[in-house]
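In this note's numbering, the protein residues as written are 14 to 183.
Data block below; observations after.
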Amino acid sequence: MPMNPAPSPGEPQETTQAARELIELLEVLWERGRDMVSSTPVSATQLRVLYSLDREEGISLRTLGDLLGSAPPSVSRMCDRLEALGYVQRLPSSVSRRQLELHLTARGKAYLRDLRVQREEALLTVISAMSPASRKALLRGLSGFQDALGEDSASPGRRSDAPLKDIRTA
């Protein structure tokens, strides 16, 4: 069984810097995708709300606030704005008359679908230009990053019962 050589003293720092630069480039690609999807793009925080509702349809404002690490008034205002855009609707809870459930509307689902298509096309363009060896290395690196992140169950805003999508099967 081959042993991994010990990392050089500066390697973790170099890797961190390269990851930061990659994230910044991805943010630019993400913004382009968001601008192409709608004339009224949502903020990054509102997008987190949409992603949360996509994963956990019908959650309450309180649960959404817990997921986002936000205070109930802030979450309520975000949902007000998303409701005004036609992306979210509040419905009476099937469990409690005192609670409301949050649901994505057809328009909200279409927004996320179109956004994901635009972002995947942007990524595909870049990844297709990479050599097969580089693509394999990227996949290995992303898989290792996801595995390391999965081990950190104390990550803010992340619950152990809501894992990230497995990139190896995406």
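All C-beta atoms, glycine included, are put in the ideal place defined by N, C-alpha and C.
With burial defined as no fewer than 16 other Cβ atoms inside 10 Å of the residue's Cβ, what is the status of residue i: buried or exposed?
i	result
Ser65	buried
Glu114	buried
Ser83	buried
Leu177	Reliability fails at Leu177, whose pLDDT of 43 lies under 50, so the model's placement of it is uncertain and the value that follows must be treated cautiously. When all chains shown are included, Leu177 counts as exposed.
Closest by CA to residue i, which one among the options?
i	options	result
Thr76	Val41, Leu38, His116, Glu40	His116
Thr28	Thr138, Leu39, Gly154, Asp67	Gly154
Glu134	Leu39, Leu80, Glu24	Leu39
Asp67	Thr138, Val101, Ala142, Leu35	Val101
Leu104	Asp79, Ser144, Ala142, Gly71	Gly71
Pull up the distance between the alpha-carbon of residue i and that of residue j, whole angstroms please.
i	j	result
Lys122	Gly99	10 Å
Pro85	Glu69	18 Å
Gln26	Ser156	19 Å
Ala167	Asp93	Per-residue confidence for Ala167 stands at a pLDDT of 43, beneath the threshold of 50, marking its modelled position as unreliable; the derived number appears in the next sentence. Answer to the nearest angstrom: the Cα atoms are 30 Å apart.
Glu37	Gln112	39 Å
Asp160	Ala97	39 Å
Arg90	Ala31	36 Å
Thr118	Gly23	49 Å
Find out if the Cβ-Cβ distance for the pair residue i, residue j is shorter than 8 Å.
i	j	result
Arg132	Trp43	yes
Leu63	Leu136	no
Val88	Leu74	yes
Arg148	Ile140	yes
Leu95	Gln59	yes
Have a look at the DSSP bridge pairing and note the partners of residue i.
i	result
Gln131	In the DSSP output, where bridge partners are listed per residue, Gln131 has none listed.
Glu114	Leu104
Ile72	Leu115
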